[in-house]
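Numbering-wise, the sequence shown is residues 89 to 347 according to the numbering used here.
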Amino acid sequence: MKYTDHNAAVWDEWASTGCPWTIPCTSEDIQRAKAGDWGVYLTPIIPVPKEWFAPYLKNNSLTGCKILGLASGGGQQMPIFAVLGAECTVLDYSESQLQKERDVRAREGYAIEIVRADMTERLPFDDASFDLIFHPVSNCYVENVRHVWDECARVLRPGGLLLAGFSNGIDFLFEDEHPLRVANKLPFNPLRLSEKERERVLENDGAYFFSHTLEEQIGGQLKAGFRLTDLREDRDRPDAAAAIAAYYPQYLLTRAIAE
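Written out as structure tokens, the structure reads:
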């Protein structure tokens with residue numbers, strides 16, 4: 089089994105256990121969004137600044153903007169974009185996460201294209217297909233981040249926006265316990281561990297997680313042809329298990345333009 093097939097199955101399981109990234113938006117959320125009261129998230133706590141959606145967001149409308157939700161299933165962000173008038177496509181490798189998209193679509197009556205695919209492979213879209221890519225924290229589940237950025241650059245139109253959330257890698261340095269204990273060398277790649285160590289990691293974490301350097305994350309965007317225009321830092325919610333969150337932010341969210 090490919091490691092991404094394993095991770096897809098894990099996300100199918102997490103979707104049934106109340107993982108925060110699998111809880112769809114409510115009808116009340118939809119009504120508030122229509123009235124201008126909305127927020128979408130690339131990382132756990134900080135909503136994406138609305139000014140990041142310029143020049144596509146005008147008078148609480150994204151009409152005419154073609155958005156790809158990359159690894160963004162779960163019925164959380166894409167329904168908001170759809171009711172704001174965007175032409176939306178969501179891609180995910182978890183069938184359960186995509187089913188949540190179908191459920192919200194049926195409940196609210198909007199249009200969205202739903203695609204099951206693996207972002208470690210060539211994305212199933214033509215060049216220059218989208219105006220905006222919304223990519224919440226998820227490339228920690230893939231080994232080769234540069235491929236993801238290259239594919240984002242390919243399917244975005246010149247001048248299009250990449251809004252991405254990702255780990256800065258510090259989570260992987262420590263065990264999730266108090267007191268904090270250094271446990272791994274970085275960057276962390278479970279595929280390079282011995283079979284015994286890999287089994288231990290999967291038993292503890294469930295999925296294959298990969299840390300990536302900022303050279304891979306930010307430098308990779310730049311090498312793919314993006315121009316970085318803004319970034320913010322974020323951390324896990326207080327009720328999350330990661331002990332490091334009390335001491336240091338673990339995530340970045342970035343806004344970049346396809347050149």
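All residues carry an ideal CB built from backbone N, CA and C; glycine is no exception. Note that the coordinates shown come from a computational prediction; the quantities given were computed from them, not determined experimentally.
- By the Cβ-count criterion, CYS176 is buried, with 16 or more other Cβ atoms from all chains shown falling within 10 Å of its own Cβ.
- Separation of the CB atoms of GLY257 and HIS300 is rounded to 6 Å, and the pair is thereby assigned contact status at 8 Å.
- Per DSSP, the unbroken beta strand (DSSP E) holding GLY157 starts and ends at 154-158.
- Rounded to whole angstroms, the separation of the alpha carbons of LEU274 and ARG120 is 42 Å.
- Sequence-distant Cβ neighbours of ASP215 in its own chain, meaning closer than 7 Å and more than five residues away, are ARG242, VAL243.
- About 21 Å separates the CB atoms of GLN185 and TRP126; that is not less than 8 Å, and the two are not in contact.
- Going by C-alpha positions, THR317 is about 43 Å away from LYS284.
- The three-state secondary structure of ALA344, taken from DSSP, is strand.
- Where ILE168 is concerned, the enclosing alpha helix (DSSP H) starts and stops at 166-171.
- Your pair PHE276 and PHE262 does not check out as a contact, with CB atoms roughly 11 Å apart and the cut at 8 Å.
- Taking one beta carbon from each stretch, the segment 214-232 and the segment 185-198 have fewer than 3 pairs nearer than 8 Å; the two do not touch.
- Across the set LYS122, CYS113, LYS146, the C-alpha of CYS113 shows the shortest separation from the C-alpha of TYR129.
- Runs of the alpha helix (DSSP H) spanning 4 or more residues and lying entirely within the segment 175-226 occur at 183-196, in chain order.
- Here DSSP, grouped into helix, strand and coil, assigns VAL243 to helix.
- For LEU251 and GLY307, the gap between their C-alpha atoms comes out near 15 Å.
- Comparing alpha-carbon positions, the option among ALA159, LEU172, GLY248, VAL192 lying closest to LEU211 turns out to be ALA159.
- Look at TYR91 here: in three-state DSSP terms it is helix.
- Using a C-beta cut-off of 8 Å, the segment 262-271 makes contact with the segment 322-341, since at least three inter-stretch Cβ pairs fall below that distance.
- For the 9 Å CB-CB criterion, LEU341 and ILE134 form a contact.
- Secondary structure note for GLU231: it is in no beta strand (DSSP E), with a DSSP letter that is neither H nor E.
- LEU249 is not a Cβ neighbour of TYR91, given a cutoff of 9 Å.
- Straight-line measurement puts the Cα of ASP206 at about 30 Å from the Cα of SER149.
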